[in-house]
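Residue numbers (the numbering used here), protein chains in the order written: chain A, -5 to 518; chain B, 3 to 311.
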């Protein structure tokens, strides 16, 4: 009897322990994610359900209100109460990763074939953070918004053909101004956009890149070419070719200028001219994106954001099951995972046509109409398709274009994105700074940014003569810009030592546009 | 002090008053005094992950960072000047407005005026800034249209001229806060004994004399207290309107300590905020505020009967 009791007891203890452990292993992983009221991630949505089903990993969402997300993340870090997985800004991950808050994901690449392929250090060295580690998974998300847009009908009236270089653009702007004194030949909003369009035209690199000169990385402001560029801006402003209120224009003023048909060219986000709801249809339809012009030094390119997005997903050091977290995130970097993220589930939210284009199903289109919502907002809100604050899936212009077509965005806008994708400015080399170096850079750059912004604005608006350029440069050196250059060069050397000198100066990022151009009538 | 005496004679008879005082006391302890310990991060390179205690001690590094910035004195000067101009032009306006309202006989007219002036207080700063930008636009703004069409002048691009910034800021703030700020003075006016006015009328005092000898002295304690309190904010200035209106062309007069702290301490460079620097500058502002309050309070105590302590 006693024997039976002991055996029964042991069996009960064994099964209880077994099922408890099974239960523990099935404990969902906590996934903290940014949440908009109008684009809220929902556990029960098709995207999250399907993602879990396909990977066999269970998750529980913790929503972080976007309006106070940095405070929320800081509180989580300060309390040590971290979820297993969290979406956060790249800088947070790279600052606190080396201190132990996040795990270096690259150490687990052997278990993640898609991540390993995507984060190939030779192809994507920019994705690596301090110490050559990856603390955050970011999307290679080329933001294809900075295309040179002009009013084709207006240009036709003036007998202009598409400008191929910067001098031809100036001629076009002058003719537009001569045709109508109230015209705004070059509309833009703020200094930042001026840099985004003209830095690639001057140096062929993205606006936030350093310039390689004789094997040394130079801040563009310390190059000889910069004076020419600022003189160019000053001339545009003096001749009233550049929008006179570009420094202070509000979005309402911008929309007014475009809607009234005063803007001959719009150097802004392409979405701005192409999505002017209040502008007459003929004005919007007249806009067309042109390939970027060749600059005075034979360089050209369109600015773009990439290949790292500023936001991504990290695995925290408090993660209870790193292997499952890796498996879960790895899936999103597969082709199927990317399609799940950007389009949802085939047959439910989207269909693929014979010509390879993707369209959302009539069912979801009708639902969005019934809910009186824009399709992309509706799909994000109700199906979890293309949510912000995840955007880690590998993104390429092909998907971007397919998605634009599926959402029914203006065809000229989509063509504009393809043109930008084909003319991407070069990226500066990867720079791996230590935390101490980054702090020093931040401290100096705070003053440098204020100093440059003041002098540049005064030069362009004519408050200071360009004769004072040398005085400006000597002040710039005095506040430490050369020290920052020195640190950047150290960071670049560190990268080269870790990775080995890449073939050529900077790996060229290219995107396979496959049949998209043909589809859009951009090539035969 | 004899505890028994205090308990029996002071505390117990007033126990309900002490009970009412308790939530206020707890509020100040929990939300004002305990968090003061956080000041220590001004002397550390604070990392939320490492926490306050484990973050490395750096002494006065962040104070040095701020004061060695080529813009430190410009930031302090701009902050001080905006506050001084605010005190000179902004402080008396609601007082004068309250006095004028008090002299109105028609209750309906008084209420209409009060409601109208109170309304801008409810507008959010981005809306106010949007209105200002539109009003002052050199191409389509009302002010420039008047300048061009009626006065035959060239349009002025007000928002890129540093010499206009302080005027625009002070005027906008007065316009926005006039109605709200006047309420406290209107409340103080109601506490003045009406028999004083009756006696003055019998004695033959005219309206101006009644304002000068009854109303103004009646308001003086309120004015003094509010003035002393506002001195505590001499190195702080509301930055929301500045952030919405300033640009590199106007930094010369518009960049203040608060905007610097916002750029460096909160927004950060490349998204990396420096909370320690923000705290160091905040501590500096608070110490200066405390010193000016003490000085102003002492002056007020010497030249009048009203003071904070």
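Where a beta carbon is used, it is the ideal one built from N, C-alpha and C, also for glycine.
Asked: Burial state of residue 9 of chain B (16 or more Cβ within 10 Å); Found: exposed
Asked: Assigned secondary structure, residue 26 of chain A (DSSP; H/G/I helix, E/B strand, else coil); Found: strand
Asked: Residue 40 of chain B, DSSP secondary structure in three states; Found: helix
Asked: Residue-chain proximity (residue 161 of chain B, chain A), Cβ-Cβ < 8 angstroms; Found: yes
Asked: Residue 40 of chain B: contacting residues in chain A (beta-carbon distance under 9 angstroms); Found: Going along chain A, no residue has its Cβ under 9 angstroms from residue 40 of chain B, so there is no contact; the nearest lies around 11 angstroms.
Asked: Nearest-angstrom Cβ-Cβ length linking residue 24 of chain A and residue 78 of chain A, presumed shorter than 8 angstroms; Found: 5 angstroms
Asked: Check whether residue 194 of chain A and residue 111 of chain A have beta carbons under 8 angstroms apart; Found: no
Asked: Between the CA atoms of residue 440 of chain A and residue 72 of chain B - distance to the nearest angstrom; Found: 11 angstroms
Asked: Partner residues on chain B for residue 247 of chain A, Cβ-Cβ distance less than 9 angstroms; Found: 135, 136, 139, 141, 142
Asked: Host alpha helix (DSSP H) of residue 180 of chain A (start-end); Found: Counting along the chain, residue 180 of chain A falls outside any alpha helix (DSSP H), though it belongs to the beta strand (DSSP E) covering 178 to 181.
Asked: Chain-ordered residues of the region 69 to 103 of chain B with a beta carbon less than 9 angstroms from chain A; Found: 71, 72, 73
Asked: Rounded distance between the beta-carbons of residue 53 of chain B and residue 95 of chain A, thought under 8 angstroms; Found: The pair is not a contact, with the Cβ atoms about 11 angstroms apart (cut-off 8 angstroms).
Asked: Collapsed DSSP secondary structure at residue 306 of chain A in the structure displayed; Found: strand
Asked: Among A:407, A:26, A:317, A:402, nearest to residue 102 of chain A - alpha-carbon criterion; Found: A:317
Asked: Ordered list of beta strand (DSSP E) runs contained in the region 127 to 181 of chain A, each at least 3 residues; Found: 142 to 145, 178 to 181
Asked: Distance between residue 30 of chain A and residue 306 of chain A (C-alpha atoms, nearest Å); Found: 16 angstroms
Asked: Cutoff 8 angstroms: residue 264 of chain B Cβ touching any chain A Cβ; Found: no
Asked: 8 angstroms contact criterion, which residue 144 of chain A and residue 282 of chain A should meet: CB distance rounded; Found: 6 angstroms
Asked: C-alpha distance - residue 248 of chain B paired with residue 350 of chain A, whole-angstrom precision; Found: 50 angstroms
Asked: Validate contact between the region 170 to 189 of chain B and the region 273 to 280 of chain A using beta carbons, cut 8 angstroms, 3 pairs; Found: no
Asked: Closer than 8 angstroms to chain B by CB, residue 238 of chain A; Found: yes
Asked: Proximal residues of chain A, C-beta to C-beta of residue 249 of chain B below 8 angstroms; Found: 241, 242, 451
Asked: Residues near residue 92 of chain A by beta carbon distance below 7 angstroms, same chain, minus five either side; Found: 124, 125, 429
Asked: Chain B contact for residue 137 of chain A (CB, 8 angstroms cutoff); Found: no
Asked: Whole-angstrom C-beta distance between residue 178 of chain A and residue 237 of chain A, which should lie under 8 angstroms; Found: 5 angstroms
Asked: Chain-ordered chain A contacts of residue 284 of chain B [CB-CB under 7 angstroms]; Found: Those do not exist, as residue 284 of chain B stays about 16 angstroms from chain A at its closest Cβ, beyond 7 angstroms.
Asked: Residue burial classification, residue 299 of chain B (beta-carbon count within 10 angstroms, cutoff 16); Found: buried
Asked: CB contact check: residue 146 of chain B to chain D, cutoff 8 angstroms; Found: No chain D appears in this structure, whose protein chains are A and B.
Asked: Members of the region 67 to 81 of chain A that neighbour chain B once the beta carbon cut-off is set at 7 angstroms; Found: 68, 71, 72
Asked: Contact under 8 angstroms by Cβ, residue 168 of chain A with residue 230 of chain A; Found: no
Asked: Contact check, residue 36 of chain B vs residue 46 of chain B, beta carbons under 8 angstroms; Found: no
Asked: Inter-residue CB distance, residue 373 of chain A and residue 380 of chain A (contact presumed, cutoff 8 angstroms); Found: 7 angstroms
Asked: Distance CB(residue 189 of chain B)-CB(residue 221 of chain B) smaller than 8 angstroms; Found: no
Asked: Paired residues, beta bridge with residue 82 of chain A - DSSP; Found: A:306
Asked: CA-to-CA distance, residue 296 of chain A to residue 136 of chain A, given in whole angstroms; Found: 11 angstroms
Asked: Member of A:410, A:453, A:478 whose CA lies at the smallest distance from the CA of residue 510 of chain A; Found: A:410
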